[in-house]
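*Asks:* Dropping the structure in here first, questions after.
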Amino acid sequence: MTLRAVALLAALAVTMPDAAAHASTGQPWPVTVRGKALTLTVYTPKAGSPVKGTIFMGSGDVGWVGLATTLAEFLSDEGYVVAGINVRQYLAAFVDGGAHLQVEQVPADFEAFAGALKARGMLARPVILAGVSEGAALAVAAAATADGHRWVDGVVTMGLPATAELAWRWKDALTWVTKSDADEPSFSPHELIANVAPLPLWMIQSTRDEYVPEPDYRRFERMAAEPKRLVLIDAKNHRFTDKLPELKGQLVAGIDWIRGLR
359 MTLRAVALLA ALAVTMPDAA AHASTGQPWP VTVRGKALTL TVYTPKAGSP
409 VKGTIFMGSG DVGWVGLATT LAEFLSDEGY VVAGINVRQY LAAFVDGGAH
459 LQVEQVPADF EAFAGALKAR GMLARPVILA GVSEGAALAV AAAATADGHR
509 WVDGVVTMGL PATAELAWRW KDALTWVTKS DADEPSFSPH ELIANVAPLP
559 LWMIQSTRDE YVPEPDYRRF ERMAAEPKRL VLIDAKNHRF TDKLPELKGQ
609 LVAGIDWIRG LR
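Each position in the sequence shown, counted from 1, maps to that position plus 358 in the working numbering.
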């Protein structure tokens, strides 16, 4: 399952003009992961503001645009250091012929992202893994190990898909038009989701998601272990385009819930 036709940042800004006008600007930080040059886009709270924690925000496979960037800007304005993960770049980096990212490699890769922030004195607790669509699936994979439990304090997913790709090639861009799954190796988040516990898991899903129907998100709810919460938003699509303020509110509620359980 891929993030389909993510709304452009400009379109989202129209719905929240005041927030967009005051949003912080992300700075590109180079990071080397298993010999591959990647880029985190890091957003920091305004000077003088207390730092509430660190959030790793994974995008959909369209790249670091749209909903993920809007939420990263919003959360930095709320007082968090936000490290944006360009999922398209991440997946593409490890494609070499028939080779591709393995789901077992995701936890260590995310810990490498965290190490890059820690080296610059920018990793503040609590540390929360969050993501949109494909980025949500990778957040689950990164947190679902004992090693992940050492440095992660909780997970927030938005539009978690039933399947998520482990590779990205330019031919896959056609899926943004056809709205079909890419023909790539994939994994199923529901097979890993129970292992996120004992970390708290806050799942936000659209009730009218054109790619994640109710049986899929109910399966996540059933298979995840406590502490967990499933929050449903009556949004018209996978991107929550008509309910962005509500999505932001539930994102903050989830983060506050995680903070309260630490």
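For glycine and all other residues, C-beta sits at the position ideal for the given N, C-alpha and C.
Select from Gln447, Arg576, Ala552, Ala430 the residue whose C-alpha is nearest the C-alpha of glutamate 523.
*Replies:* By 1-based counting over the sequence shown, the position of residue 523 is 165. Closest option to glutamate 523, Cα to Cα, is Gln447.
*Asks:* If you pair each beta-carbon of the stretch 489-504 with each one of the stretch 414-423, do three or more pairs fall below 8 Å?
*Replies:* Output reads yes: the stretch 414-423 touches the stretch 489-504.
*Asks:* Going by the beta-carbon positions, is the gap between threonine 521 and serine 544 smaller than 9 Å?
*Replies:* As a working mapping, residue 521 is identified with position 163 in the sequence shown. As a working mapping, residue 544 is identified with position 186 in the sequence shown. The answer is yes: Cβ separation under 9 Å.
*Asks:* For alanine 488, which three-state DSSP category applies?
*Replies:* Along the sequence shown, read from residue 1 onward, the residue named residue 488 stands at position 130. Strand.
*Asks:* Spatial neighbours of serine 546 within its chain, please: C-beta separation below 7 Å, excluding the five flanking residues on both sides.
*Replies:* Residue 546 sits at position 188 when you count from the first residue of the sequence shown. Cβ neighbours of serine 546 beyond the five flanking positions: Ala520, Thr521.
*Asks:* Mind checking which residues open and close the alpha helix (DSSP H) that includes glutamine 447?
*Replies:* Residue 447 sits at position 89 when you count from the first residue of the sequence shown. 445-451 is the span of the alpha helix (DSSP H), which, as asked, contains glutamine 447.
*Asks:* Does phenylalanine 578 come out as helix, strand or coil in the three-state DSSP assignment?
*Replies:* On the sequence shown, residue 578 is found 220 positions in, with the first residue counted as 1. Three-state DSSP puts phenylalanine 578 in a helix.
*Asks:* With 16 as the cutoff for other CB atoms within 10 Å, does glutamate 431 come out buried or exposed?
*Replies:* Taking the first residue of the sequence shown as position 1, residue 431 is located at position 73. So glutamate 431 counts as buried.
*Asks:* Taking Cβ to Cβ, would you say phenylalanine 452 is nearer than 9 Å to valine 389?
*Replies:* Walking along the sequence shown from the start, residue 452 turns up at place 94. Walking along the sequence shown from the start, residue 389 turns up at place 31. Cβ atoms of phenylalanine 452 and valine 389: not closer than 9 Å.
*Asks:* From proline 573 to isoleucine 613, what does the alpha carbon distance come to, in whole angstroms?
*Replies:* Indexing the sequence shown from 1 puts residue 573 at position 215. Indexing the sequence shown from 1 puts residue 613 at position 255. Roughly 25 Å separates the two Cα atoms.
*Asks:* Compute the distance between the beta-carbons of glycine 384 and threonine 427, then report whether it is under 9 Å.
*Replies:* Working through the sequence shown from its first residue, we reach residue 384 at position 26. Working through the sequence shown from its first residue, we reach residue 427 at position 69. Yes, these two residues count as a Cβ contact at 9 Å.
*Asks:* If you drop the 5 nearest sequence neighbours on each side, which residues of the same chain put their C-beta closer than 7 Å to that of valine 464?
*Replies:* Working through the sequence shown from its first residue, we reach residue 464 at position 106. Cβ neighbours of valine 464 beyond the five flanking positions: Leu496, Ala499, Ala500.
*Asks:* As a quick exercise: from Trp422, Glu579, Asp467, pick the residue whose alpha carbon is nearest that of threonine 515.
*Replies:* Within the sequence shown, numbered from 1, the residue matching residue 515 stands at position 157. Considering only alpha carbons, the answer is Glu579.
*Asks:* List the residues that DSSP assigns as beta-bridge partners of tryptophan 560.
*Replies:* Against the sequence shown, residue 560 aligns to sequence position 202. Tryptophan 560 is bridged to Val514, Arg587.
*Asks:* Apply the 10 Å Cβ neighbour rule to lysine 586 and answer buried if 16 or more other Cβ atoms are within range, or exposed otherwise.
*Replies:* Counted from its first residue, the sequence shown places residue 586 at position 228. The residue is buried, with at least 16 neighbouring Cβ atoms inside 10 Å.
*Asks:* Tell me which residues share the same chain as glycine 437 and place their Cβ nearer than 7 Å to its Cβ, disregarding the 5 neighbours each side in the sequence.
*Replies:* Here the question's residue 437 lines up with position 79 in the sequence shown. So the qualifying residues of the chain are Pro403, Ser407, Pro408, Val409, Lys410.
*Asks:* Measure the C-alpha to C-alpha separation of glycine 456 and leucine 449 and round it to an integer number of angstroms.
*Replies:* Taking the first residue of the sequence shown as position 1, residue 456 is located at position 98. Taking the first residue of the sequence shown as position 1, residue 449 is located at position 91. If you take the alpha carbons of glycine 456 and leucine 449, they lie about 13 Å apart.
*Asks:* Which residues in the same chain as leucine 590 place their Cβ atom closer than 7 Å to its Cβ, once the five residues preceding and following it in sequence are excluded?
*Replies:* Here the question's residue 590 lines up with position 232 in the sequence shown. If we look at leucine 590 and ignore the five residues flanking it on each side, its Cβ neighbours are Gln563, Thr565.
*Asks:* Give me the residue from Tyr401, Ser434, Val391 with the minimum Cα distance to valine 610.
*Replies:* Taking the first residue of the sequence shown as 1, we reach residue 610 at position 252. Here the closest residue by C-alpha is Ser434.
*Asks:* Give the DSSP bridge partners of threonine 428, in chain order.
*Replies:* Here residue 428 is taken as the residue at index 70 of the sequence shown, counted from 1. DSSP, once it has assigned bridges, lists no residue as partnering threonine 428.
*Asks:* Whose CA, out of Gly618, Tyr569, Leu398, Ile551, lies closest to the CA of glycine 473?
*Replies:* For this step, residue 473 is matched to residue 115 along the sequence shown. Of Gly618, Tyr569, Leu398, Ile551, the residue nearest in Cα terms is Leu398.
*Asks:* Please report the straight-line C-alpha distance between proline 556 and leucine 518, rounded to a whole angstrom.
*Replies:* Position 198 of the sequence shown, counting from 1, holds the residue named residue 556. Position 160 of the sequence shown, counting from 1, holds the residue named residue 518. The straight-line gap from Cα to Cα measures roughly 19 Å.
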